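First residue of the sequence shown? That's -14 in my numbering, and the numbers climb one at a time after it. Down below is the structure, laid out as structure tokens.
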Amino acid sequence: MPKRVDHEERRRQIARALWRIAAERGLDGASLRDVATEAGISLGQLQHYFTSKDDMIVFALRHIAQLAEERVRTRIEALPGAPTPWVILRETLAEMLPLDDASRTGHLVQISYFVRAVHDERLRTHAKEGTAALRGFFADQVKAAIARGEVAADRDPVGEATLLIALTEGLSSEVLMETLAPQEAMGLIDAHLARLFSGGQGSPSSPGSPDNPDNPGSPGSPG
């Protein structure tokens, strides 16, 4: 009986092979043949799943995002009690930093992706969609914090969400270049959140804030 192939797992296998190559020498250095060899399959098998390099790249980036979401969800679900906006933001931002080998590889792949997307409208569209979704998610958390009295009512949720993304992306570059230690980057994230959440009536003693004993991480901790 012929072996049954899990097609979705095979796509993920190919994506992981692409990540390994891209992390070492960028996406431009990852030909379809190179990825097939790295994945341990033939070029024909790879082309059965992805007809072009761009299709493969888009799937790989979506898979990275999916894994990151799963890791954030796992981290939050492991915490005691209902997660507050502070906790949700902090855990998500921590996942966005290259704090370990897995997230470092993901960041290197994303950097290669964005460099390529600057000159590729189709890839750029996917990048814009991803950023817009993340900005909307962060803005929703800021709105929830305002409703809870933890963030000042005059704060612009979308503007604050944009600042959080920009801060974390900048810190990620510093960590990758080893001009900033991971724990220092996380400490700056905590400091920014402390300032953001200091303007509402419900902070800083609200659940998830640095002054609360149940806070999952204090300023300076790596998460």
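Think of the CB as a built atom: it goes at the ideal place given N, C-alpha and C, for glycine as much as any other residue. This structure is a prediction, so every number in the text was calculated from the model and none was measured.
Residue i versus residue j - alpha carbon distance
i: L161; j: A2; result: 21 angstroms
i: P142; j: R18; result: 45 angstroms
i: R133; j: R10; result: 47 angstroms
i: G144; j: F123; result: 10 angstroms
i: H177; j: R(-3); result: 36 angstroms
i: V20; j: T164; result: 32 angstroms
i: D125; j: D85; result: 28 angstroms
i: A179; j: K113; result: 29 angstroms
i: Q51; j: A137; result: 32 angstroms
i: P83; j: R58; result: 18 angstroms
i: R120; j: L148; result: 9 angstroms
i: L181; j: I174; result: 11 angstroms
i: G172; j: L156; result: 11 angstroms
i: R14; j: E159; result: The identity of residue 14 in the sequence shown is Gly, whereas the question assumes Arg. About 24 angstroms.
i: L93; j: G29; result: 27 angstroms
i: D39; j: G184; result: 45 angstroms
i: Y34; j: I131; result: 46 angstroms
Burial state of residue i (16 or more Cβ within 10 Å)
i: A170; result: buried
i: V127; result: buried
i: R75; result: buried
i: R101; result: buried
i: A79; result: buried
i: R36; result: It should be noted that the sequence gives Thr, not Arg, for residue 36. So T36 ends up on the exposed side.
i: V103; result: exposed
i: S16; result: exposed
i: T153; result: buried
i: G91; result: buried
i: D(-9); result: exposed
i: E135; result: buried
i: A151; result: exposed
i: P167; result: buried
i: Q95; result: buried
i: P65; result: exposed
i: H48; result: buried
i: A0; result: buried
i: A118; result: exposed
i: A63; result: exposed
i: T77; result: buried
i: Y98; result: buried
Meets three-Cβ-pair contact criterion under 8 angstroms: the segment 29 to 45 and the segment 103 to 112: Touching, per the Cβ criterion.
Length at least 4, wholly inside the segment 19 to 69: the alpha helix (DSSP H) runs in chain order: With a minimum length of 4 residues, the unbroken runs of alpha helix (DSSP H) contained wholly in the segment 19 to 69 fall at 28 to 34 and 38 to 62.
Completely contained beta strand (DSSP E) runs for the segment 126 to 164, where each covers 3 or more residues: Not a single unbroken stretch of the beta strand (DSSP E) spanning 3 or more residues falls wholly within the segment 126 to 164.
Cβ contact check for the segment 20 to 30 and the segment 68 to 83: 3 or more pairs under 8 angstroms: Contact fails: fewer than three Cβ-Cβ distances are below 8 angstroms.
Unbroken stretches of the alpha helix (DSSP H), 4 residues or longer, contained in the segment 67 to 132: If we require 4 residues or more, the alpha helix (DSSP H) runs fully inside the segment 67 to 132 come out as 70 to 81, 86 to 102 and 106 to 132.
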